[in-house]
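Here the structure is laid out as structure tokens; the discussion comes afterwards.
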Amino acid sequence: MGTDRIYLDWNATAKLLPEARAALLEGLDLAGNPSSVHQEGRAARAAVEKARRQVAGLVGADPAHVVFTSGATEAASTVLTPDFRMGRSPVRLGGLYVSAIEHPAVHEGGRFPADMRREIPVGADGVVRLDALEDLLRKRDADAGLPMVAIMLANSETGILQPVAEAAKIVHAHGGLLVVDAVQAVGRIPVSLEALEADFLILSAHKIGGPKGIGALVSRGETLMPTPLIRGGGHEKGHRSGTENIPGIAGFGAAAAFAASGLSERNARIAALRDRLEAGMRAAAPDVIIHGESGDRVPNTTAFTLPGLKAETGQIAFDLEGIALSAGSACSSGKVGESHVLKAMGRDPRLGALRISLGWSTTDADIDRAIAAFAKIAGRRKQAGAAA
Numbered sequence: 038m039g040t041d042r043i044y045l046d047w048n049a050t051a052k053l054l055p056e057a058r059a060a061l062l063e064g065l066d067l068a069g070n071p072s073s074v075h076q077e078g079r080a081a082r083a084a085v086e087k088a089r090r091q092v093a094g095l096v097g098a099d100p101a102h103v104v105f106t107s108g109a110t111e112a113a114s115t116v117l118t119p120d121f122r123m124g125r126s127p128v129r130l131g132g133l134y135v136s137a138i139e140h141p142a143v144h145e146g147g148r149f150p151a152d153m154r155r156e157i158p159v160g161a162d163g164v165v166r167l168d169a170l171e172d173l174l175r176k177r178d179a180d181a182g183l184p185m186v187a188i189m190l191a192n193s194e195t196g197i198l199q200p201v202a203e204a205a206k207i208v209h210a211h212g213g214l215l216v217v218d219a220v221q222a223v224g225r226i227p228v229s230l231e232a233l234e235a236d237f238l239i240l241s242a243h244k245i246g247g248p249k250g251i252g253a254l255v256s257r258g259e260t261l262m263p264t265p266l267i268r269g270g271g272h273e274k275g276h277r278s279g280t281e282n283i284p285g286i287a288g289f290g291a292a293a294a295f296a297a298s299g300l301s302e303r304n305a306r307i308a309a310l311r312d313r314l315e316a317g318m319r320a321a322a323p324d325v326i327i328h329g330e331s332g333d334r335v336p337n338t339t340a341f342t343l344p345g346l347k348a349e350t351g352q353i354a355f356d357l358e359g360i361a362l363s364a365g366s367a368c369s370s371g372k373v374g375e376s377h378v379l380k381a382m383g384r385d386p387r388l389g390a391l392r393i394s395l396g397w398s399t400t401d402a403d404i405d406r407a408i409a410a411f412a413k414i415a416g417r418r419k420q421a422g423a424a425a
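Quick note: the sequence shown uses my numbering, first residue 38, plus one each step.
In structure tokens, the structure reads:
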């Protein structure tokens, strides 16, 4: 990859932080198994528990309630199950209610069978409809068991923030559990497990500058927990078996510590860059559609549609200009299809949307290049239209 390329796809994966790299390399040098009682094992365990405290600190949780997984997808598959336990007693949930704009890892329902899943619609503004959630829960069969509701905090394609705290009150009034995908929110806005009143949070290291292949499921307590997805030696207090990925966990912890520090100053800088980007895009192509611009969004994300330009065509055009961005959510390598998020918002999903997302190393010069590339691509679209 050329050194003159610009990376504007931080929502797909963030660049590895120097702090996370250093912690990861230190973890590679720890020879012991965290389950061993000798000195080497205790050193490995200390690294894991330090990272557990750092991840817990990022979301205001109890470190004892952080379960490390191989990533957010595994965390989602772990918690999205009708089979829970209270201590040693099994508890059966009665259904899963998922917002229409969830990431596929959540939207597909985890271990819930299809006949136990229901979709919560969103409005044209991309915000989940709380009235529809209330109606769904009110009409459910209460004898079937407790409901589970899954609503993301920040949408991965548009960056639009969801009213999770308000949803939590509705869910808990019906005796349900709330699962929140906070993958695109942590490190970009303050996130508090208690303030959100979420029962579970899903986190991913590589979205905040940690290594790939490590994530976490964070719970408010341990009274009611999902049956394990991965069974074996009883690691992570029996919630996720398998010898811990010490380098990945250590890197995750370092990234979480960075994300929790200096957040307001970093966000102010990134938000200013995003606003300048959008102003430049608007000046170059007044008909550009910036999704969610009138509502609350995370400060680093711009999702846009340029009428007459297909998403895959635009993505290739930007790539040829040396700029990496996404066509919607980067959940499948090389896959560019209709956006289920735009469809849920009542917009034509066939054109799709391009997503620019900024991060800790994005510069003013990067934004200048992005605006110039956008203007060039928009100009070619006009020329193609005139020739036709």
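Backbone N, C-alpha and C fix where the C-beta goes; we use that ideal spot for every residue, glycine too.
Judged by DSSP secondary structure, E302 falls within the alpha helix (DSSP H) whose first and last residues are 300-321.
A direct Cα-to-Cα measurement between I207 and L190 gives close to 16 Å.
Excluding its 5 nearest sequence neighbours in each direction, A57 has C-beta neighbours in its own chain below 6 Å: G246, G247, G288, A291, A292, listed in chain order. By the neighbour-count criterion, in which a residue is buried when 16 or more other Cβ atoms sit within 10 angstroms of its Cβ, E194 is buried. In the three-state scheme derived from DSSP, where H, G and I count as helix and E and B as strand, F341 is classed as strand.
Under the three-pair Cβ rule at 8 Å, the region 198-205 does not count as touching the region 62-82. DSSP places L173 in the helix class (H, G or I) of the three-state scheme. With a cutoff of 8 Å on beta-carbon distance, L238 and V255 are scored as near each other. The beta carbon of G224 sits closer than 6 Å to those of I245, A296, all from its chain and outside the five residues before and after it, given in chain order. Cβ-Cβ distances below 8 Å link H209 to L215, E234 in the same chain, with the five nearest sequence neighbours on each side left out; the list follows chain order.
Of the other Cβ atoms in all chains shown, 16 or more fall within 10 Å of the Cβ of P263; this residue is therefore buried. Around V325, the same chain offers M318, R319, F341, L343 as residues with beta carbons nearer than 7 Å, after the five sequence neighbours per side are excluded.
T115 sits in a helix when the DSSP states are folded into three classes.
Among the bridge pairs identified by DSSP, F411 is matched with none. For I245, there is no enclosing beta strand (DSSP E), since its DSSP letter is neither H nor E.
The continuous alpha helix (DSSP H) containing R58 extends over residues 55-65.
Assigned with DSSP and collapsed to three states, R225 falls in coil, not helix or strand. Taking all protein chains in view, the Cβ of R268 is surrounded by fewer than 16 other Cβ atoms within 10 Å, so the residue is classified as exposed. Residue range 76-96 is occupied by the alpha helix (DSSP H) that includes V85. In this structure, the CA atom of D218 is about 21 Å from the CA atom of S298. Between the region 397-417 and the region 348-356 there are three or more C-beta pairs closer than 8 Å, enough to call the two in contact.
Ranked by Cα distance from V228, the options Q199, A179, G213 are led by Q199.
For the pair R313 and I404, the CB atoms are nearer than the 8 Å cut-off. Taking every protein chain shown into account, the CB of A81 has 16 or more other CB atoms within 10 angstroms, so this residue is buried. L261 places its beta carbon 8 Å or farther from that of V103.
W47 and G196 have their C-alpha atoms roughly 12 Å apart. Per DSSP, the beta-bridge partners of F121 are V128, P263.
Under the Cβ criterion (8 Å, minimum of three pairs), the region 117-126 does not count as touching the region 170-180. Note on geometry: alpha-carbon atoms of T115 and T106 lie some 9 Å from one another. In the DSSP annotation of this structure, the continuous segment of the alpha helix (DSSP H) that includes F289 starts and ends at 283-297. Boundaries around L230 are those of the alpha helix (DSSP H), 230-233, since no beta strand (DSSP E) includes it. In this structure V135 is not in contact with I286, their Cβ atoms being roughly 29 Å apart against a cut-off of 8 Å. The three-state secondary structure of E349, taken from DSSP, is helix. With fewer than 16 other Cβ atoms from the protein chains shown falling within 10 Å of its own Cβ, Q76 counts as exposed.
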